[in-house]
Each structure stands twice: as structure tokens, then as C-alpha cells.
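First up is the structure itself, then whatever we jot down about it.
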């Protein structure tokens, strides 16, 4: 148990102010500190012994509860003290004279503290009494104090989260790919009636194996294989887990099949009719991941719409249970074995040493291989322990892991893998608390980094560090847990929308660690746990069917800290349950720090919200709320206020500026843009600020009231209008008045209706601005002049149809590495003198710019590694011989398409066009192409990837073959060549047989 939070509270100025002159309270708090530290001495021993001794686990739970109670009390003292002092300062500032008003203020505070004192002393005495009993028990349980040997707390943080390789699964992958991609239907599928004897048009392939063995990883490799994506018209991935919810699974498949973001059809019959229509005649691949349900009837009901798909469709099921596979009419079961010690070592090595050679640490290699032997071929165990020891070069610490008694844990008794417990055992205390809190997420739930960091912050789980904001500390913690393999990336997106999850076994570990303090409504025993009154954190989803009876059971948990809605779909739930119970709920849960009621049909937030003095995180996004009560402005500790998609919210309370700790707000997609002055006093805002509805501002001068220049902690600003403007001049003035602080790092301007971008956008005083994105700015014809971007690394221009040119003198951005220009229909030129002003440029992407005729005089910067010209860029492509590509000695990737190119081209590549440094070449949309220029292609001695797309007249591949360096070949929409490349039969097959990866269709 990390007591740093309590010690920090005890030493805070607010607590010191409170106890000044209160001898009894001061003595009680000192005794409280000493008792907590004394009991905490045996915490490490108790944490390990709880695995085999239920009495120790109960003792540990009682101690944790006492710590929670102490935190709540001290937070109450801090809040009361801080808010009263703030009120005193404001009253004195109004009075100014120090006369009778000041005397009244002093008397008010004295009276208030006196009333509060007695209740505080009583509560401290109760906690001390509990701790005294707990301290006596520790001797009876033979708990020992002592320093645990722990891996250094200072593992370096890393943002590297993607797996670059998977070890030991090549054969498994090839086996399943052959089943999926067989050119001829499998013998039991598709008879003369286009179905098998039982009427099935699809085949079920099950991957079976124990938890942590890599079933999901293998399924992902197959699902994302390029050959698979080309072979199947439709694909869908559904994480099933323990709850086999027919409606939810069908909804997810339907959304994938129709490319929809959501589906609110809940009637199963209607939903299946829709799905059947969507699948008709299409070859599909569905992955049902982590299936537990053995009920044949459920599977039989789910599969009914699948019969409308094309013959040769496939379903992959991953499960731990062969009975599940059997019940799903599996035609092929692939039992996934453990990986070899050699492959297990490679996986461990990758996570433990990163890019460093293990040969540099011969002694660690010897110990590491012995550790790997104990992992018994389980990839998750090897990955977890490799992450634990990452960048640790101390031989003794490696030896401690190898010789730990925790390897001998009776796994069947506690259901926790010894290797995973060992990884948890060596986490520093601050990461243990953060990891335990993550058990609030159900299995297979996908969460976002920023979301979890804000929750950690609300729960005081982040320890402040000098010169680091709390959000940065949270990011360090999160990346640490990634590097140790407690969290894993499931979807990667640069725009803070990356998704993460926990492996089922890691989720089980988090649930075990958090015990009765963290309850998910989906848990079968959640009512029994809540009735004990220990629950501090509670989460639920709409599918959990939250009702009045379930909410009443919650009332026993009077010290609840987290009340969290986890619905991961952004459409409003019809349930109006919170309209009925919210006033009582807020009065019952006065220790709440997190309140999330997002996406429920809530129209009003009661004034009793003012009782939530500990509240730090309030999320009402997607509700029908019409106004926020003034009581919200009295929430002294509030850090995060989320009101996204509150379509009925007309205005914000006037006193938001009182929220001196408010750091994160989200008012996107609601009608509050005309109240932009509400942002004036919110000077503590951190991270990203997204302001939408700027077209609702009535007077442009109101934007000045937002005081954006003073918000020095903001790093990203998104400014968004509603679309077509009726006052271009007003839009321009609004944007001028929203000039941010020079600390800003990223700026996005969307749907702006002005004719010019503001001068501040190109001001060289923005020394931290690294990313600019301008999208759907339909009236702008040029970037601001002079365009000075000293730190800019990425520039994106999307759908700016009237943008004609860059400013005279070019774009001065010496650090610009990437430029993307998409759908700028009238753009006629790129920045002047690019070669000398954009010396760091490495990547250029241009799509659908039909009026762009050439690159600037002098050519492209010499560091360009990647060049993509595609879509409707016919005029530019016609001048390709003037691009000077041969001089680009760094160029590695080239993509070029000839859509709307008037030039008749019957052979490609052109002689003297391409540099020999290319490793990646894609070309397409050559309607008259007959031959490939063999001589030019053979010059590309480093070429590894070649893609040829939509060349319907291409007759054959070169007679003397393709470059021997090729490892990947893709040929699409070239029917004559496709026929000649048929495996073992086609005339061109010998020319490509040696290439390891081929995709031809």
C-alpha cells in the first residue's frame, strides 16, 4: 500500500492551516501517521501471503479500508480548508479596507472550523481504533517487516507499444491460412447446390488453447494478413468473452458488414433480417474471439443470417475449451501448443533487451534463459517477465526473479499464473495502485490512455514530480505498464484515439488485487460484494440492465469513490433511471471523486451535486441536460468536466471561473459556442481544448473574452465551425481573437469560413508549434504571410477547395518532416524553394489536386524518403520526368497513380525516372499499359515491395523476371497477368515463384 498520498496530505499547507492551534487534532494526526507507517511495514509480506492464506487476505482488505477512510478524511480537511481560505481572500479583496467586513470574515471562518473540528477528531479516533486492532492481528498472522527485493522503480518510460514480430507461430499461421484461402471449396462445403449436406455455406475453424498461449495474437495475425483482406469481401472482429450476448454480437457484425459506426437496433429478429440482407452473396470472414459459452442453441441462433453469405465464407473461433469448439460445429480444430524454449527466449529477449544485443550481457543471457524455462512455453509469461526486466542490467535483480519463491505458487488455488504474479510483485507501489484501479474495466473492454489517466488523477493515484504536470506523470505510468505488458495496444491512431486492453489473465490479476473494493455490475457476485459496504469503485454498462433494485444495493457502499458508465457506443441510452434516483444517489455517495453518467437520457443535474466536495471528474457527455446548475461552480476539487454532444445544453453557469482546479473540459458538438466567454477564468486548462460551434458566436469580440492567450498549459487547440458561413468577416475576426498562448504545440482549424488564415498562425514566436491541420476551410485561398514555423514538423491540408497557393517567399519551416495535401481542387503550386527552405522534409503525400502541375523550381528537398502522388493528380504526374527523383538519394518509397492523366503510356517505369535507392514501389491506374520496362525495373537492386494496380491491358510480366531482391509482390486489377500467374500453371509463375509473399487477384 502506497502511503505517499496520505503523507503528502498531512504535510499540505491546507492541513497545517486547519490544525494550527488545535493541539488535540495535531496529536491525533501524528498518531495516525505513525500507526499507518507501522502497519505498512508488513504490507509487502501480507500481499504475497494472501495468495495462500485467506485470513491474511481479509487482514489486508481491512487495512486497505482504513487507508481509504484516512484519505477521505484528509481530503475533506484539505477541501474545506482550501475553499474557506479562497472565500476569505475574495471577501477581503472586495472589502479592501480591513474594517468590519474583515472581522466578520474572520468570525465566520472561526465558527465554521469549530463546528467541523469535533467531527474530525471523532473520525480520526475511529480510524486509529481500527488500525490498533489491525496492528494486533499482524502478529497472530506471523506477518514480518522487512525490505522486499524489488526491481528498480525507475524503469524508463517508452511509447513503443506495437509488436513488430510474433515468435513461434509461423506454422500455425500457415496452417490456418491454407484453410481460409483454399482456391477450391473445402470438400465438406458447397456441393452442387452451393452448400453442404447440412446446408452450410461457411466453415468454422477453432483455435483452442490455454489462457496466455497466444490464441488472440494468432487470430489477429491472420485477420490482418494482406491475402486475407483481399480474399474476403467482408470482415468482422467480435470480442465475445464470457457473456455470449446474441444481440450485441450480431450488432457488431452488422456494423462491420455495413461500415456503420453504430447500430441501435435491439430487436434480434429485425437485426438478423438486416444482417442477412447485408451478407447476401458476399464472402465473409468473422472472428469470434474468446468464446466461453457452450450452449448450442445460442450458436445456432447466431448463425442463421450467415447462410446468405457466399460459399467459401469462414468463421474463426478462439476458445480455451474444446467443448465450445465442438458446440459451434467446428470443421477444423487447431489446438495451439506452447512455443519452444527457443522462441520463448526470442520473445523474452525482445522485451527485455529491446534493440540492444543480448550478447552485450552474457551473464544476463544465462539467467534469462533459465527464467524462460520456467515460463513453460507460455508467450504471455515470457512477454510479461521480459517487460519486467527491460533495461535492467543489474545481475542480482535478475537472479532475484529467477530464485523467487513465487514460482512455487499453487496456481489452481488462486487462479493466478506465478509468472504474472511475479511481474506484479515487482511493480513499484504507485504502479500497483494504478494497475489495481484498471480492474474497473470488464474483460476485453477497450479503453483510451487519456481517459484512464484522468481517472487516475481524480483518484489521487499520480505522485507529483518537479517540473512535470500530472498528465505527464500519468503518461509515464501508463507507458510503464505498457512496457511491462500489463496493457496492450489494440488500435493505433495518432489522434489520441488509440485503444488499449488487458489480456484476460492480466484482467483476472487486476481483479484479484483490487478485491472487494472494485466492483463491475457484470460480476455475478457483485450484489454480495456491495452488501459488505467496502466497495469504492463501481462500473456498469447499459447491457448490465441497471435498475432500481441494483442501485439500492449500492447504497450500502457509502464511501463510493467511482461511479462510472462504460458504454463504448456513442448513442443515447433510453433508460431514464437516473432522473428518478440521482438526487438520492448524490446524497448517499458524498465521497465520490468520479461521476460518469454519459449517454443516458438525463435532463437535469440536481443541486445536491454541491454535496460532492471530493468530486474531481464529471462526465455528462451525450445526455439531454439543458443547463448546469450553479452548484457545479462550488465543486472546489473539480479537474475534468466533459459535456460533449450535449445537444440540449444552451448555456453554462456564469461562475465556472470559480473552479480553480479545472484542467480538462470538452464542450464539443453542443450549442454553447455563444458562451465562449465562460472560458475566461479557466486558466488551469491542460492538454487538449476542442471548441466547436464557433459559428454560434454572435459578436466576434466575445471570442476575446475566452482569454486564450493566457492559457499557458494548453498543448493542443481544435477550433471548429459548423459549416457554411453567412459572415466570412466575422469568422475571420473570431479566429484572430482566439490566438492561443505561444506554448501551444498542435493547432487544428476545421470548417472555418474566413478568406484568410490569421497572422498569428505563421508567427515565428510560436516556438513550440509542431503540428498544424487545416481542414474544410472552403473560402481560404492562401496560408498567412510570412509563413514562419520554426518548430513545425507536420502540416496537413484537407479539403480546402479555394486554396490556390502558398505565400510568396515560400514556407519557412526548417524542421518540417511531413506534409499532406488532400482534395485541394484549385491548388496550383507548392511552397517556393522547397529544396532550401524545407531541409528536413522526409514525407510528401498529395491526393486529388488536379490543378497542381509541377514541383517548385530547384526540385524536392534531398532528405525526402517517401513520396506519394495519387488520386486525381493527372497534370502533376505528366511532369514526372522533371521531378528530379534521381537526385533524391534518400528516396525509399514511391507511390504514383495515373488517374485522369491524358498522356498515353504503354510502358512503365520511364527510362531515367527512378533512383536505385527505392525499396517500395506502387503504381496504378494505367489504362493503356501493355508492358513493364524490364531494364528500368532491374536497376532497382534494393526493391523489396512492388504493387501494380488497375492496369487492365497489361499483357505479361517481364520475360527476364522481376528484381531478385523482391520479398513482397501485389498485383490487383490486372486480369491478363493474374491468369498468367496462376500457381504452378501460369506462364509467368516461374518468374514470381521465388518471391516469399505474393498477393495476386
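In this note's numbering, the protein residues as written are 1148 to 2148.
For glycine and all other residues, C-beta sits at the position ideal for the given N, C-alpha and C.
- The DSSP-derived three-state label of residue 1268 is helix.
- Residue 1977 holds the alpha-carbon nearest to the alpha-carbon of residue 2001 among 1983, 1977, 1726.
- The DSSP assignment places 1787-1789, 1811-1813, 1834-1838 as complete runs of the beta strand (DSSP E) inside the stretch 1773-1852, in order along the chain (cut-off: 3 residues).
- A contact is defined here as three or more CB-CB pairs under 8 angstroms, and the stretch 1375-1387 fails this definition with respect to the stretch 1480-1495.
- Beta bridge pairing from DSSP links residue 1867 with 1897.
- Of the other Cβ atoms in all chains shown, fewer than 16 fall within 10 Å of the Cβ of residue 2140; this residue is therefore exposed.
- Annotation for residue 1487: 1315, 1524 place their beta carbon closer than 8 angstroms to its own, counting only its chain and skipping 5 residues before and after.
- Assignment of residue 2070 by DSSP, reduced to helix, strand and coil, places it in the strand class.
- The Cβ atoms of residue 1410 and residue 1419 do not sit closer than 8 angstroms to each other.
- Between the stretch 1880-1896 and the stretch 1863-1870 there are three or more C-beta pairs closer than 8 angstroms, enough to call the two in contact.
- Between residue 1217 and residue 1274, the C-beta spacing is below 8 angstroms.
- Listed in chain order, the alpha helix (DSSP H) runs fully inside the stretch 2094-2128 are 2122-2127, counting runs of at least 4 residues.
- Segment contact: the stretch 1594-1601 against the stretch 1566-1578, fewer than three CB-CB distances shorter than 8 angstroms; contact not assigned.
- In the structure shown, the three-state DSSP call for residue 1473 is helix.
- Beta-carbon to beta-carbon, residue 2102 and residue 2077 are separated by about 6 angstroms, close enough to satisfy the 8 angstroms threshold.
- In this structure, DSSP gives residue 1409 a state outside helix and strand, which the three-state scheme calls coil.
- Exposed is the label assigned to residue 2144, since fewer than 16 other Cβ atoms lie within 10 Å of its Cβ.
- Counted as a single uninterrupted DSSP element, the alpha helix (DSSP H) harbouring residue 1364 occupies residues 1362-1370.
- The residue from 1450, 1727, 1363, 1592 with its alpha-carbon nearest to that of residue 1394 is 1450.
- Beta-bridge annotation (DSSP): residue 1638 is paired with 1646.
- In this structure, 2057 is the residue among 2057, 2092, 2066 with its C-alpha nearest to the C-alpha of residue 2079.
- Counting along the chain, no alpha helix (DSSP H) covers residue 1925, and no H or E run does either.
- Across the structure, residue 1959 and residue 1911 are spaced so that their CA atoms are roughly 9 angstroms apart.
- Of 1963, 1914, 1971, 1932, the smallest CA-CA separation from residue 1921 is found for 1971.
- Note that the stretch 1419-1430 does not touch the stretch 1470-1478; fewer than 3 beta-carbon pairs, one per stretch, sit closer than 8 angstroms.
- Cβ contact annotation for residue 2126 (same chain, cutoff 7 angstroms, sequence separation greater than five): 2133, in chain order.
- According to the DSSP secondary-structure assignment, residue 2146 is paired through a beta bridge with 2117.
- Secondary structure at residue 1275: helix, using DSSP grouped into helix, strand and coil.
- With a cutoff of 8 angstroms on beta-carbon distance, residue 1587 and residue 1644 are scored as not near each other.
- Residue pairing for residue 1491: DSSP places it in no beta bridge.
- Proximity to residue 1695 across 1682, 1681, 1723 peaks at 1723, based on C-alpha coordinates.
- Note that the C-beta distance between residue 1222 and residue 1156 is below 8 angstroms.
- Counting along the chain, residue 1481 sits inside no alpha helix (DSSP H); it lies in the beta strand (DSSP E) bounded by residues 1479-1482.
- For the 8 angstroms CB-CB criterion, residue 1210 and residue 1683 do not form a contact.
- The residues 1387, 1464, 1466, 1471, in chain order, have a CB closer than 6 angstroms to that of residue 1438 in the same chain once the five nearest residues on each side in sequence are set aside.
- Residue 1189 holds the alpha-carbon nearest to the alpha-carbon of residue 1283 among 1189, 1365, 1392, 1953.
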